[in-house]
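Below you'll find the structure, written out as structure tokens, and then a few comments.
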Amino acid sequence: MTMQTSPGHLVKPGHYENFPVASLILPRRLRRPVRAIYAFARAADDIADEGEAPAEQRLADLQSFRSKLRALECGEVLDDPIFGPLGTAIRGHDLPFQPFHDLLDAFSQDCTKTRYGHFGEVMDYCRKSANPIGRLLLMLYGDRDARHQAWADGVCSALQLINFLQDVAIDQGKGRIYLPQDEMAKFGVSERQIAEGRVDGLWQQFMKTQIERARRMLKAGAPLGLALKGRIGVEMRLIILGGERILYKLGESRGDVFNQRPVLTLTDWLAMLRGALWPKRRKGGGDGCSSGSCNSGCGR
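Set out below in structure tokens:
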């Protein structure tokens with residue numbers, strides 16, 4: 020569903036694994052607020068995603084989260100393992116409340132909406148489920164530049180799309196399909212085919228278009244990796260490189276996520292870390308390449 024804890028897992032955002040949450044790369048002063056945001060998002064996501072509770076109960080539990088969030092918004096200090104630290108992080112860094120409301124809206128949507136008619140609907144979900152985390156991370160670092168936020172949105176939405184592509188089979192098992200229904204129909208891809216895990220020429224062509232679109236979106240936001248300085252820049256480049264590598268592996272398997280779900284190996288991690296620490300810039304010093312990794316071979 021949304022972002023993931025480390026680009027090395029890029030497995031379900033188990034939720035939120037695209038972001039190395041509270042990693043050692045981040046300055047010590049930011050680790051506690053990042054953990055607080057992660058705990059909130061993870062707990063709310065688990066309400067929507069885990070266990071056997073009916074949708075009505077899940078929505079009621081998420082409504083309880085909303086009530087506590089509104090209490091923080093009204094200035095209350097809550098003695099709560101999730102909302103206590105979250106309130107401290109919000110007050111200490113003057114964070115807006117809307118991104119947290121957007122996350123809860125996305126999780127609530129997962130309880131009621133299981134199909135997406137077109138790509139616009141998918142992107143609206145990404146706006147609520149993924150983009151808030153990137154914006155909050157920038158704000159924690161004291162960066163409120165509008166262009167940086169737009170780049171962060173591109174990166175986060177791309178990572179969410181990558182997550183959807185990786186987890187087609189997992190999501191189908193939960194009764195959800197995040198792929199655009201109109202595009203599936205255009206390529207002759209059916210829900211039955213997904214349930215059977217059938218990889219034929221039509222599926223391969225369909226996945227090729229999905230992979231290329233996610234790659235373009237990730238590339239559009241990738242200048243953020245070079246624009247940010249210091250540790251957060253390293254963190255962002257690592258995140259982007261993880262997304263690039265997963266896309267490369269998706270392409271190599273021709274979209275066969277049923278039998279070859281992409282994972283990042285130790286070799287991948289070492290290459291990503293090298294690329295994040297010593298990014299390659301385009302000749303002429305441009306910032307437009309993928310996190311400075313234009314020659315990495317991951318983005319073809």
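For what it's worth, the working numbering labels the leading residue of the sequence shown as 20, then goes sequentially.
All C-beta atoms, glycine included, are put in the ideal place defined by N, C-alpha and C.
As the structure is a computational prediction, the values presented were derived from the model and not from experiment.
Rounded to whole angstroms, what's the CA-CA distance from residue i to residue j? Just pull it up for me.
| i | j | result |
| --- | --- | --- |
| Pro100 | Lys227 | 44 Å |
| Leu243 | Gly261 | 15 Å |
| Arg110 | Trp297 | 35 Å |
| His167 | Ala214 | 39 Å |
| Asp201 | Val96 | 47 Å |
| Met158 | Arg256 | 17 Å |
| Arg146 | Asp124 | 10 Å |
| Ala169 | Leu221 | 34 Å |
| Phe138 | Phe84 | 29 Å |
| Arg47 | Gly294 | 23 Å |
Just curious, the alpha helix (DSSP H) that residue i is in, first and last residue?
| i | result |
| --- | --- |
| Ile230 | 220 to 240 |
| Ile251 | 249 to 271 |
| Pro151 | 150 to 159 |
| Leu78 | 74 to 92 |
| Leu180 | 165 to 185 |
| Leu296 | 285 to 296 |
Would you list the residues sitting across from residue i in a DSSP beta bridge?
| i | result |
| --- | --- |
| Pro100 | The partner list for Pro100 (beta bridge, DSSP) is empty, contrary to what the question assumes. |
| Ile213 | BP columns for Ile213 are empty, so no partner. |
| Pro199 | Tyr135 |
Considering only residues of the same chain and omitting the five flanking positions on each side of residue i, which have a CB-CB separation below 7 Å?
| i | result |
| --- | --- |
| Arg280 | Gln185 |
| Ala177 | Ala233, Met236, Leu237, Gly240, Gly262 |
| Cys130 | Ala67, Ala74, Arg77, Leu78 |
| Pro118 | Pro151, Arg154, Leu155 |
Determine the DSSP secondary structure at residue i, reduced to helix, strand or coil.
| i | result |
| --- | --- |
| Ala45 | Note that residue 45 is Leu in the sequence shown here, rather than Ala. Reduced to three states, the DSSP call for Leu45 is coil. |
| Tyr144 | helix |
| Leu123 | helix |
| Lys205 | helix |
| Phe277 | coil |
| Pro115 | coil |
Here's a check: name, in chain order, each residue in its chain whose Cβ is nearer than 6 Å to the Cβ of residue i, leaving out the five neighbours to either side.
| i | result |
| --- | --- |
| Ala55 | Pro104, Leu105, Ala108 |
| Ile251 | Tyr160 |
| Leu247 | Met255 |
Can you name, in chain order, every residue of its own chain whose Cβ lies under 8 Å from the Cβ of residue i, other than the five neighbours on each side?
| i | result |
| --- | --- |
| Met142 | Ser176 |
| Arg163 | Leu157 |
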